[in-house]
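Beneath this line is the structure, given in structure tokens, with notes to follow.
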Amino acid sequence: MSASLELWPSSPRRTGPPSRVDRLRRKVAELPCALLLFVQLAALLAYPFIETRQGDVQEVGRAIFGLIGLVVLFLAVRAVRATPALTWVAVILGGPVVVLTVAEAIWSDNLTLTFWSSVLHACFYVYTGYGLLRYMFADNWVTRDELYATGATFTVVAWGFAYLYLAVQIAYPNSFTIYGETDPGTRTWFELLYLSITTMTSTGLSDIYAVEPHARAFVLLQQIAGMLYVALVVARLVGLTIARFRQ
């Protein structure tokens with residue numbers, strides 16, 4: 145195993161068969177993209193319980209949730225880094241993001257703080273998606289973790305666009321609305337994530353949609369990105385997988 149995948153190396157002093165903890169650590173080290181994918185899928189189910197709560201508890205819960213996601217994301221970047229520069233850029237972006245995530249929980253009504261936090265979150269997630277793409281395109285051999293990376297890249301990019309929409313909403317108020325709403329209001333981050341995933345998958349129009357030109361421009365970019373992702377990335381991995389079994 146390469147050094148880049150050895151996140152938590154086992155102690156060389158240990159003798160005898162590996163314990164369950166050792167086997168779990170080995171699986172996590174070998175499949176970092178699987179860990180990232182499953183954590184983000186779990187977040188989709190857990191986040192509504194935080195989103196619907198009111199007051200300081202909600203903000204603190206969102207901050208803790210965001211920090212856990214960033215830690216997992218950084219571990220995945222470290223494990224699948226294509227170049228040393230990828231890790232350094234992730235650290236440079238990730239440091240301010242962590243600080244701003246905590247600051248958001250303290251000063252939740254500060255729109256300037258939320259705007260820059262959203263912009264840096266978007267940059268961090270999009271750059272991570274770029275790193276995962278380089279990881280998948282590094283060779284012509286499809287590993288099990290690269291198959292998980294297909295899903296992880298999708299969720300990472302969807303997360304990035306959700307934060308981007310949040311920044312657009314602050315810069316251009318009333319950019320998004322819900323079907324049947326008389327006047328466009330302010331959408332929560334989870335609602336914008338719903339819009340992002342719906343747009344990325346091209347499953348049809350969401351009941352949340354963009355009504356302001358700048359917001360529509362970014363939605364169009366994500367629609368194109370989602371189409372190219374399926375056409376280039378998924379098709380390539382499927383083709384390589386089929387070719388592997390035909391050999």
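With our numbering, letter number 69 in the sequence shown gets 213, and the count goes up by one each step, no holes.
Idealized CB from N, CA, C, for every residue including glycine.
| Asked | Found |
| --- | --- |
| Let's see if you can read the secondary structure: which residues bound the beta strand (DSSP E) around Thr-321? | 320-322 |
| How would you call Leu-255, buried or exposed, if buried means at least 16 neighbouring beta carbons within 10 angstroms? | exposed |
| How many angstroms separate the CA atom of Ala-178 from the CA atom of Thr-294? | 10 Å |
| Are the beta-carbon atoms of Val-363 and Thr-321 separated by less than 8 Å? | no |
| Using the rule of at least 16 other Cβ atoms within 10 Å of the residue's Cβ for burial, across every protein chain shown, is Glu-290 buried or exposed? | buried |
| Please report the straight-line C-alpha distance between Ala-302 and Pro-176, rounded to a whole angstrom. | 19 Å |
| Could you say which of Ala-306, Ser-346 and Ser-319 lies nearest to Leu-336 if we only look at CA atoms? | Ala-306 |
| Mind checking whether the beta-carbon of Thr-342 lies closer than 7 Å to any heavy atom of the ligand GTP? | You won't find the ligand GTP in this model; it holds no ligand whatsoever. |
| Measure the beta-carbon distance from Tyr-338 to Ser-346 and round it to whole angstroms, keeping in mind my assumption that it falls under 8 Å. | That pair is no contact at about 15 Å. |
| Apart from the five residues just before and just after Val-286, which ones in its own chain have a Cβ nearer than 7 Å to its Cβ? | Leu-381, Leu-384, Thr-385 and Arg-388 |
| For Val-312 versus Ala-359, is the C-beta distance shorter than 8 Å? | yes |
| Count the other C-beta atoms from every protein chain shown that fall within 10 angstroms of the C-beta of Ile-236, then say buried if there are 16 or more, exposed otherwise. | exposed |
| Looking only at DSSP bridge pairs, what is Tyr-353 linked to? | Thr-321 |
| Please work out which residues of its chain come closer than 6 Å, Cβ to Cβ, to Gly-199, disregarding the five sequence neighbours upstream and downstream, and give them in chain order. | The predicted model places Gly-199 with a pLDDT of 49, which falls under 50 and marks its position as unreliable; any figure quoted below should be read in that light. Closer than 6 Å at Cβ, skipping near neighbours: no residue. |
| Following the continuous alpha helix (DSSP H) through Phe-298, name the residue where it begins and the one where it ends. | 288-315 |
| If we require 4 or more residues per run, which alpha helix (DSSP H) segments fall completely within the region 234-281? | 255-280 |
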